[in-house]
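One structure is given below, encoded as structure tokens.
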Amino acid sequence: MDITGRLERFFSQRRIFFFAVVIALLAALPAFGFSRYIMRICIVISIYSMLTLALNLVAGYTGQLSMGNGGFYAIGAYTATLLMINAGLSFWSSLVVAAAFAGISGFLLGLPTLRLKGSYLTIVTLGFGEIVRMILMNWDTVTNGTLGVRNIPLPSLFGVSLSFTNHGLYYLALVLTALVSVFCALVINSKVGRAFIAIREDEIAAQMMGIKTVRYKVLAFVLSATISGIAGAFYAPMVGYIDPNSFTFDISSQIISMAILGGLGTMRGMYFGAAALIVFPEVSRFLMDYRFVIYGLILVLMMRFRPQGLLGWRTRLPYRFGKVLERQLAAEGSLPPLL
Amino acid sequence: MAIFIQQLCNGLALGLVYALVAVGYSLVFGILRLINFSHGAVYAFGAHAAFFFVGLNFGPVPAIIAALVITGLLGVVIDKTALAPLRKKRSVPIAALVTTLGISNIIQNLLVVKFGSQRKPFPDFFNLGAFTLGGIQFSSRQFVMFGVSLVLLLLLLLVVNKTKIGLAMRATAQNAKAASLMGINVNSIITLTFLMGGASAAIAGGMVGGYYQVVYPGMGFMIGLKAFAASVLGGIGSLPGALVGGLLVGVIESIAALYIGSNYRDSMAFIILIVVLIVRPAGLFGKNEVVKV
């Protein structure tokens, strides 16, 4: 077995151990006394982890590449902000409304999947992202246009404002990411997730097996949009200021790059991809303008030499079988390929 | 009414430039089934190459020709270094798509490194003065842009539809495997496609640079998306489709700027695109691909 194969086995056999270590480290992170700058990067990573997990549901498991997830992110951010500032709602209720609103827009965008396939679907999602941005720019009376919205209040819990200094924002980000992760894992390991994977592997075969492909594709879009909306609703109060140019096509393409760098169709890859592509421009500031050249170069080289993503190894069967059945199938040599 | 006709001319001239860029998307998509996201950056590169050569006192026409050659070569280099190896490995389509996103990053930021990200004045080299016709004032820039693009597009149509190379291109687009069995060198056809796409993007870049008298590294982004919308609108993979799509986007956005407000101008392309795709999923001129099981 080659070196990468060995490494992959090493990690996947001890994955529960690594999992526990990472969670413990993340929970204890503020105790190390890092600067506000580093904590902020960690929060941004968690936001992008949510965004990539959302994309993963659509692109990684259902096989429908969406380039409009930046649009849902924007919808979530603006809905939450406007509700907090204009309607005086608390962060928590606006978070829920923003997620629901993003989900509804995901449903509307998902509807064209009734008729469109492959590249055309990608194109419509791209157009959707741009239209959202145009609306935010031009609907001055509601969104304040290109000037953006300032002074977004921080979320507060039992009267305590969650900020950078008391690490409330960090823990909020961590909790939200954890909730989103658990939700994604539950979806993927359910009947719905198996339907998603079936659609990705072969849409026609899935249809023949009685899976209502259109319904599941729209569902994938709705879930993805809802999660992106949550990420947006958290982002806005974190930075305190949003304008339409915070949500350009670059965001969507960055989300895709992260998901692919980590490994589409795996969850571990999402956190890794988000962390890698957020940290890289920060640590390579000395390269100045060249860092985004190198950023592009990384993407190109990755696709050339490891298109399944850095952590895109296959350690699990696509579905869970019982232990007995698994042993029988292995003996017959008819186990399906690893996922 | 006078403003309407002015905007219409404006829209037609811009529309043909969109068509010229859209051709690049369409040609590549027709043959590789790949959305080439690096095309907008290639266009910006073409405009900067023209800017660079004009700065060396080449004179406008030789500068554009030099830009055309070098940008065409850039297209070939992109294909040979980044995309051809992926085809050889038969990797998944999404890998090629992300590769083009990466290339677009590389080109755009190399332009920033070399020229700076600010807007740079571009000489107003094809302005032959304004003239009045029937009480309406026209700028000659629009007519030069319209004429040059139209000639080039017709030339491209001619090459694709009437020459042997064009036949080979169409054959490759229809079925690459069968084409290669018929003795067509598919790889060199793909190279040629990238050359043509790059060259037409360079001309479009040079002309838009002259029209607005400004170039900057990010200039390819919006026009790239719009031209892309235009090519899908017409039916991606079809050259007449790219032409009609470009004209439609150009005219509708100019007229929308007049009646709805110039702020909505940039979103028109996408609104038309989504409406058309929902009604006719393969675009106006595209053929529905039948999937055989």
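Protein sequence lines correspond, in order, to chains A and B. Taking our numbering, the leading residue of the first sequence gets 1, the next gets one more, and so forth. Taking our numbering, the leading residue of the second sequence gets 340, the next gets one more, and so forth. Virtual Cβ for every residue (Gly too), placed ideally from N, Cα, C.
> Considering only the beta carbon of each residue, do residue 355 of chain B and residue 586 of chain B sit closer than 8 Å?
Replying inline: Mapped onto the second sequence, residue 355 of chain B falls at position 16. Mapped onto the second sequence, residue 586 of chain B falls at position 247. A distance below 8 Å separates the beta carbons of residue 355 of chain B and residue 586 of chain B.
>> Rounded to whole angstroms, what is the Cα-Cα separation between residue 216 of chain A and residue 615 of chain B?
In response: Here the question's residue 216 of chain A lines up with position 216 in the first sequence. Here the question's residue 615 of chain B lines up with position 276 in the second sequence. Near 24 Å, if we compare the C-alpha coordinates of residue 615 of chain B and residue 216 of chain A.
> Between the C-alpha atoms of residue 339 of chain A and residue 60 of chain A, what's the straight-line distance to the nearest angstrom?
Replying inline: The residue you call residue 339 of chain A lines up with position 339 of the first sequence. The residue you call residue 60 of chain A lines up with position 60 of the first sequence. Below a pLDDT of 50, predicted positions are generally treated as unreliable, and residue 339 of chain A, at 45, falls in that range; the measurement from the model is reported next regardless. Rounded to the nearest angstrom, the two C-alpha atoms are 12 Å apart.
> DSSP on residue 516 of chain B, reduced to helix/strand/coil?
Replying inline: What you label residue 516 of chain B is simply residue 177 of the second sequence in a count that begins at 1. Of the three classes helix, strand and coil, the one that applies to residue 516 of chain B here is helix, per DSSP.
>> Less than 6 Å between C-beta atoms, sequence neighbours within five positions excluded: which residues of the same chain meet that for residue 275 of chain A?
In response: Position 275 of the first sequence, counting from 1, holds the residue named residue 275 of chain A. 45, listed in sequence order.
> Looking at the structure shown, is residue 9 of chain A part of a helix, part of a strand, or coil, going by DSSP?
Replying inline: Stepping through the first sequence from its first residue, residue 9 of chain A is reached at position 9. Shown here, residue 9 of chain A sits in a helix according to DSSP, grouped into three states.
> What first and last residue would you give for the alpha helix (DSSP H) that runs through residue 325 of chain A?
Replying inline: In the first sequence, counting from the first residue as 1, residue 325 of chain A sits at position 325. 323 to 332 is the span of the alpha helix (DSSP H), which, as asked, contains residue 325 of chain A.
>> Suppose the cutoff is 8 Å on Cβ atoms and the five residues either side in sequence are ignored; what does the same chain contact list for residue 207 of chain A look like?
In response: By 1-based counting over the first sequence, the position of residue 207 of chain A is 207. Excluding sequence positions up to five before and after residue 207 of chain A, its CB lies within less than 8 Å of the CB of 213, all in the same chain and listed in chain order.
> residue 156 of chain A to residue 237 of chain A, Cα distance in whole Å?
Replying inline: Reading the first sequence from its first residue, position 156 is the one you call residue 156 of chain A. Reading the first sequence from its first residue, position 237 is the one you call residue 237 of chain A. Rounded to the nearest angstrom, the two C-alpha atoms are 11 Å apart.
>> So, under 8 Å CB-CB, residue 438 of chain B and residue 421 of chain B are touching, yes? Tell me the CB distance rounded to an integer number of Å.
In response: The residue given as residue 438 of chain B occupies position 99 in the second sequence. The residue given as residue 421 of chain B occupies position 82 in the second sequence. Sure, about 5 Å apart at Cβ, within 8 Å.
> At a CB-CB cut-off below 7 Å, which residues of chain B make contact with residue 243 of chain A?
Replying inline: Taking the first sequence and counting its residues from 1, one reaches residue 243 of chain A at position 243. Here the premise fails: no neighbours, minimum Cβ distance about 15 Å.
> Tell me which same chain residues have a C-beta within less than 7 Å of the C-beta of residue 351 of chain B, skipping the five on either side of it?
Replying inline: Position 12 of the second sequence, counted from the start, is the residue given in the question as residue 351 of chain B. Taken in chain order, the residues that qualify are 485, 586, 589 and 590.
>> Less than 7 Å between C-beta atoms, sequence neighbours within five positions excluded: which residues of the same chain meet that for residue 150 of chain A?
In response: Here residue 150 of chain A refers to the residue found at position 150 of the first sequence. 241.
> CB-CB under 7 Å to residue 287 of chain A, same chain, minus the five flanking residues each way: which ones, in chain order?
Replying inline: For the purposes of this step, residue 287 of chain A is identified with residue 287 of the first sequence, where counting begins at 1. Excluding positions up to five away in sequence, the list reads 294.
> DSSP on residue 308 of chain A, reduced to helix/strand/coil?
Replying inline: As a working note, residue 308 of chain A is residue 308 in the first sequence. In the structure shown, residue 308 of chain A sits in coil (DSSP, three-state: anything other than H, G, I, E or B).
> Using CA coordinates, which residue listed in A:253, A:290 and A:130 is at the minimum distance from residue 273 of chain A?
Replying inline: Along the first sequence, one-based indexing puts residue 273 of chain A at 273. Taking only the C-alpha atoms, the option nearest residue 273 of chain A is A:253.
>> So residue 478 of chain B contacts chain A; which residues on that side make the cut at Cβ distance below 9 Å?
In response: As a working mapping, residue 478 of chain B is identified with position 139 in the second sequence. Ordered by position in chain A, no residue passes the 9 Å Cβ test against residue 478 of chain B, which lies about 27 Å from the chain.
> Which residue's Cα is closest to the Cα of residue 184 of chain A: A:27, A:57 and A:72?
Replying inline: Walking along the first sequence from the start, residue 184 of chain A turns up at place 184. Out of A:27, A:57 and A:72, A:57 has the C-alpha closest to the C-alpha of residue 184 of chain A.
> Can you give the Cα-Cα distance for residue 347 of chain B and residue 495 of chain B, rounded to whole angstroms?
Replying inline: Along the second sequence, one-based indexing puts residue 347 of chain B at 8. Along the second sequence, one-based indexing puts residue 495 of chain B at 156. Between residue 347 of chain B and residue 495 of chain B, the C-alpha separation is close to 25 Å.
> What's the C-alpha gap between residue 409 of chain B and residue 491 of chain B?
Replying inline: Walking along the second sequence from the start, residue 409 of chain B turns up at place 70. Walking along the second sequence from the start, residue 491 of chain B turns up at place 152. So the two alpha carbons sit approximately 18 Å from each other.
> Three-state secondary structure (DSSP) at residue 16 of chain A?
Replying inline: As a working note, residue 16 of chain A is residue 16 in the first sequence. Residue 16 of chain A falls in the helix class under three-state DSSP.
>> Measuring straight from C-alpha to C-alpha, what distance separates residue 576 of chain B and residue 432 of chain B?
In response: Here residue 576 of chain B is taken as the residue at index 237 of the second sequence, counted from 1. Here residue 432 of chain B is taken as the residue at index 93 of the second sequence, counted from 1. Going by the C-alpha atoms only, they are around 17 Å apart.
> Of the residues that make up the region 423 to 440 of chain B, which ones have a beta carbon closer than 7 Å to any beta carbon in chain A?
Replying inline: 424, 425, 430, 431, 433, 434, 437, 438 and 440
> With 16 other CB atoms within 10 Å as the buried threshold, where does residue 487 of chain B fall?
Replying inline: Position 148 of the second sequence, counted from the start, is the residue given in the question as residue 487 of chain B. Buried: at least 16 other Cβ atoms inside 10 Å.
> Taking C-beta to C-beta, are residue 248 of chain A and residue 50 of chain A nearer than 8 Å?
Replying inline: For the purposes of this step, residue 248 of chain A is taken as residue 248 along the first sequence, with counting starting at 1. For the purposes of this step, residue 50 of chain A is taken as residue 50 along the first sequence, with counting starting at 1. Not a contact, by the Cβ cut-off of 8 Å.
> Roughly how many whole angstroms lie between the Cα atoms of residue 513 of chain B and residue 146 of chain A?
Replying inline: For the purposes of this step, residue 513 of chain B is taken as residue 174 along the second sequence, with counting starting at 1. For the purposes of this step, residue 146 of chain A is taken as residue 146 along the first sequence, with counting starting at 1. Near 45 Å, if we compare the C-alpha coordinates of residue 146 of chain A and residue 513 of chain B.
>> Strictly under 8 Å for the Cβ-Cβ distance: is residue 279 of chain A near chain B by that measure?
In response: On the first sequence, residue 279 of chain A is found 279 positions in, with the first residue counted as 1. Answer no: the Cβ-Cβ gap between residue 279 of chain A and chain B never drops below 8 Å.
> Between which two residues does the alpha helix (DSSP H) containing residue 211 of chain A stretch?
Replying inline: Against the first sequence, residue 211 of chain A aligns to sequence position 211. Premise fails: residue 211 of chain A is in no alpha helix (DSSP H) and is neither H nor E.
>> Quick check: what's the CA-CA separation for residue 11 of chain A versus residue 223 of chain A?
In response: Position 11 of the first sequence, counting from 1, holds the residue named residue 11 of chain A. Position 223 of the first sequence, counting from 1, holds the residue named residue 223 of chain A. Cα to Cα, the separation comes out at about 30 Å.
>> Suppose the cutoff is 7 Å on Cβ atoms and the five residues either side in sequence are ignored; what does the same chain contact list for residue 289 of chain A look like?
In response: Your numbering for residue 289 of chain A matches position 289 in the first sequence. Once the five neighbours on either side are set aside, residue 289 of chain A has no close Cβ partner at all.
>> My parser needs the alpha helix (DSSP H) runs of 4 or more residues fully inside the region 456 to 504 of chain B; what are they?
In response: Taking 4 residues as the shortest admissible run, the region 456 to 504 of chain B contains the following complete alpha helix (DSSP H) segments, listed from N- to C-terminal end: 479 to 501.
>> Helix, strand or coil for residue 575 of chain B? Go by DSSP, reduced to three states.
In response: As a working mapping, residue 575 of chain B is identified with position 236 in the second sequence. Three-state result, residue 575 of chain B: coil.
> Do we get a CB-CB distance below 8 Å when we pair residue 605 of chain B with the residues of chain A?
Replying inline: Taking the second sequence and counting its residues from 1, the one referred to as residue 605 of chain B is at position 266. By this cut-off, residue 605 of chain B is an interface position.
>> Residues of the region 583 to 612 of chain B in Cβ contact with chain A at a cutoff of 7 Å, in chain order, please.
In response: Residues of the region 583 to 612 of chain B whose Cβ lies closer than 7 Å to any Cβ of chain A, in chain order: 602, 603, 605, 606, 609, 610 and 612.
> Between residue 228 of chain A and residue 72 of chain A, which are expected to be in contact by the criterion C-beta below 8 Å, what is the C-beta distance as a whole number of angstroms?
Replying inline: Here residue 228 of chain A refers to the residue found at position 228 of the first sequence. Here residue 72 of chain A refers to the residue found at position 72 of the first sequence. Rounded, the Cβ-Cβ distance is 4 Å, consistent with contact.
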